[in-house]
Structures are given as structure tokens and as C-alpha cells.
Amino acid sequence: MLKKIQRRFVLAAMAAFGTVMLLVLVGINVANYYRTTSMQDQLAKELLLHERTVSVKRQAPPRPVRNMPGRDPEAAFMTRFFTVRCDTDSRVREVLRDYISSVDEETAKTYAQAVLSKGRERGYYGDYRYLVSRSEKGTSILFLNTAIQLQSMQSLLLVSLTIGLCSLLMVFLLILLFSRRAMKPYLKNIERQKRFITDAGHELKTPITSIATSADIAAMEHEGDEWIENIRRQAARLTKLVRDMVALSRLDEEAPFPEKGRFSVSEAAWETAESFAHLAKAKGNHYSQSIEENLMLYGDRSAIQRMISILLDNAVRYSDDGGEIQMRIYRRRGKVCIEVSNTCDLPDVSDLDRLFDRFYRLDDSRSSMTGGTGIGLSMVRAIAETHGGEATVRSDDGKRICFRVIL
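Here's what the structure looks like:
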């Protein structure tokens, strides 16, 4: 129980930190991407304008692009690009390669045709950022070499991911180291609660036993007295309640079942179900069961039998008169599934999971008539969880309820 609480605390803290870290990393890289691409698009626009306004002589050596406002003077010598001009039918008319040497004319034409087939105005093609400009005379496609910028974005992504993963690992170790200290007040409260329940249980046993004994003696002298019978019933109910509360408190310990072993769930279920089958038939209910043979489980046999007993007792208590009770135990995907269902009239099916809460009842008046203590289903879930399983409940139409335990 305590390890589970600590594990949930660590997972919650890591989920919160991981979410914040992910948002920060995504924000940094997305902002860098849009900033870089916007700068490249602006530069591409300036270069296209330069290509239109400046007459480039093919025989002359390439000169750096001048008049680039807002940029470093050396940027003109570092900018590499080429332009492909097409006519209105998208046929290549001219290739300008004065400011690049790594691309030949045929490659430039191939790039242009691939970009035009995409139908986009801007984007990336390989190591180039392209910009398409259309006019009445035709189409101009400028390819700006952005290999350095792309490598810079990839480096930022890798560095940020590495820093993020290292930060997650460091935070995980720190949270794991300090989680015990952070949970000390909560753990102390749990220990005090468990100690109180155990001590109260022992203290209550003596007066309850005295009341029950006195009621038995009084019943001998006043046989058939309804008040004495009521005292005996309530004393028996108190005895069961105290016993269940102490047992439930022990299930919260680190190792509630120190002597676990491998046993046959099938045989344990057969032994437990026999008495409830007779009880259900005595009440006029139709009882049926299906237990798969040779189902083995590693755990505490008596605890599993008690869990099945609680589920069957609950079904017999709260089933309709003449209703149906069914138990199925089978294997599915390597796990043992225990299902107990019964017909009933549920007033509300919106929050059935609260049935596993301690002392919660759907119908207080009917529950008091049946004599339940209100913590049986809490024990079912606790036993299931201590065996690494889970307990759930469902009702499709409010006329039948089904409790399912997966071990």
C-alpha cells in the first residue's frame, strides 16, 4: 500500500515535470523553426527582387548581392542560391546559377519541375528553401541554400532533447530520493489510523463479548423477547464489523500475506461456493456457476476464498426475490478472471465504482435490513490489489450488476 502511494506520487510528479519539459522543448524548437524559415523567406523575397531589378551578365564573374537591408554586410558573400524561370506553361526557360556552383543546369530543372508539381508557394526541397513567384510573364522559382540553417535546427533539436532527457532522469532520481521525506506526514497519518483501528478493535472486543454473553443469559430467562434478540443481532453485527475493519487495516500493510504460495483457484472456488449455492436456492434464487478447471494462482488461498465469499454473500443479500445469481471463473490472456453477477434493481448506475468505498451504500434502508457492514467490497478490492490485480463493477441496464476481479 505504502509503496503504491509512493509510486503514484513519483509518477504524478514526473508526469507534471515531463509535461512542462515537453512544452518547453516543443516551444523552443517550433519558435526557432518559424523564426528561421521566416528569415529565409524574407531573404528569398529580397533575392527575387534583386534578380528582377539587376541585369546579370553570364560572362562576368558572379558578384555578391548588394543592398540587403537589415543584414550583416558579410551575408552577401555567404548567400548561395539559384533561380529557375519558366514560361506560363511551366516549361523551363532560363536557369540562373551565377551564385552557386554545386548545382548543374539539369539538376536545377529537375528541382524546379518537382517544386511546381507540389503546387506550393514555399517550402523545403532537400537542403534548399524555395520560393515561387508567379506573374503574367511566367514563373520564377528561387532556391536558397539553407544547409547550414537546417543543420543548426537539427543540432538544437538534438541538444534540447538530450538536455530534456538528462533533466528528466535527474528529476526522477531527486523525486525518488525525496519522495519518502515528502510523504512522511501522510505515512504517519496512515500508521496512526491503522494503529487506532487495531487498538479500537481490541478494546471493543471485550464490551461486545460481555454484551453478547449477557444477552445470551437474559435470553435463557426471557425466551423469545424481541428486545433481547435485537441486542444479540446487533452484538453479532458489531463483532463482524470490528473483525472486518481490523482485517481491512492489515491489508494496507507492506506484506499482508507473508506466506504466499501456488494453489488451485478452481478448488478454492468450489469449496467456497458450495454453501452459498445452498443458501441461494433456500432463498428461492436461481444459482449457476462455471469454474474452469486447473486454474493456478500465486497468492494467499484464504484471502482469495474470503474475496469470493464476500462477492457471493453480497450477491445473495442484494439479489431480487427469485432472481438469478451467476459466478464465472475462467482464464483470459494468462490472467484469472472472477465474475459474480446477480439481478437487482439499482436506483443509480452513474457511479457504481463508489461501491468499493468503505461504508458507502446505494440504499441505506435496504442495507440495514440485510445486515451488511459496508466494507466487504472494500476488502474485495484491497485483496485484489495486494495480489497485483484489480476489481471493477458494471451494470448495463440497472437490472443486473456484475463484479469482476482480474488476478
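Position in the sequence shown (from 1) plus 641 gives the number in our numbering. C-beta: ideal position from N, C-alpha, C; glycine also. Since the model is a prediction, treat every value here as computed from it, not as a measurement.
What does a CB cutoff of less than 8 Å around residue i pick up in its chain, not counting 5 residues either side in sequence?
i	result
Ala-923	none
Pro-702	Low local confidence applies: a pLDDT of 47 at Pro-702 is under 50, so the model's placement there is unreliable, with the coordinate-based value given in what follows. Contacts found: none.
Asp-857	Arg-873
Arg-972	Glu-933, Leu-936 and Cys-978
Thr-678	Arg-770
Leu-814	none
Lys-645	Glu-1026
His-863	Ile-869
Asp-998	Ser-1019
Leu-666	Ser-801, Leu-802 and Gly-805
Tyr-766	Tyr-752, Ala-755, Val-756 and Phe-784
With a threshold of 6 Å on Cβ separation, who are the neighbours of residue i within its own chain once the five nearest residues in sequence on each side are excluded?
i	result
Glu-746	Val-736
Arg-699	For Arg-699, the predicted structure reports a pLDDT of 44, less than 50, and the residue's modelled location is therefore unreliable. A value from the coordinates is still provided. Counting only Cβ-Cβ distances below 6 Å, and skipping sequence neighbours, we find nothing.
Phe-1044	Leu-952, Val-981 and Val-1034
Ile-1024	Ala-944 and Met-948
Gly-1039	Leu-987 and Val-990
Phe-904	Arg-942
Rounded C-beta distance between residue i and residue j? I'm assuming under 8 Å.
i	j	result
Val-906	Ile-838	Not quite, the Cβ-Cβ distance comes to about 30 Å (not below 8 Å), so this is no contact.
Ile-816	Ala-654	5 Å
Ile-849	Val-883	7 Å
Asn-926	Ser-960	6 Å
Asp-682	Arg-763	6 Å
Thr-780	Cys-727	5 Å
Ala-921	Val-957	5 Å
Leu-783	Tyr-771	7 Å
Asp-941	Lys-901	6 Å
Met-886	Gln-647	Not confirmed; about 25 Å, so no contact.
Ile-852	Ala-876	5 Å
Gly-1029	Val-1046	That belief does not hold up - the Cβ atoms of Gly-1029 and Val-1046 are roughly 12 Å apart, past 8 Å.
Taking 7 Å as the threshold (C-beta atoms), are residue j and residue i in contact?
i	j	result
Asn-955	Ile-966	no
Ser-808	Ile-669	no
Ser-916	Val-651	no
Leu-1048	Leu-936	no
Ala-657	Leu-785	no
Ala-750	Val-773	Residue identity check: residue 750 is Lys in the sequence provided, not Ala. Not in contact: Lys-750 and Val-773 (Cβ atoms no closer than 7 Å).
Val-725	Ala-755	no
Leu-987	Ser-1036	yes
Ile-1132	Ala-918	Any question about residue 1132 goes unanswered here, given that the chain covers just 642 to 1048.
Arg-1041	Ala-1032	no
Provide the residue span of the alpha helix (DSSP H) that contains residue i, from first to last.
i	result
Gly-805	788–823
Val-957	942–959
Glu-912	906–923
Asp-885	867–891
Thr-751	746–759
Leu-1018	1017–1027
Taking 7 Å as the limit between beta carbons, can you name the residues of its chain near residue i, skipping five residues before and five after?
i	result
Leu-791	Asp-768
Phe-1000	Gly-1015 and Ile-1016
Ala-859	Ile-869
Ile-741	Arg-721, Phe-722, Phe-723 and Asn-786
Asp-962	Gly-925
Asn-673	Met-794 and Leu-797
At which residues does the beta strand (DSSP E) containing residue i begin and terminate?
i	result
Ile-741	Element bounds for Ile-741: n/a, residue is neither H nor E.
Arg-973	965–973
Ser-774	769–775
Glu-1031	1031–1035
Arg-1045	1041–1047
Lys-976	976–984
His-927	927–932
Thr-724	722–727
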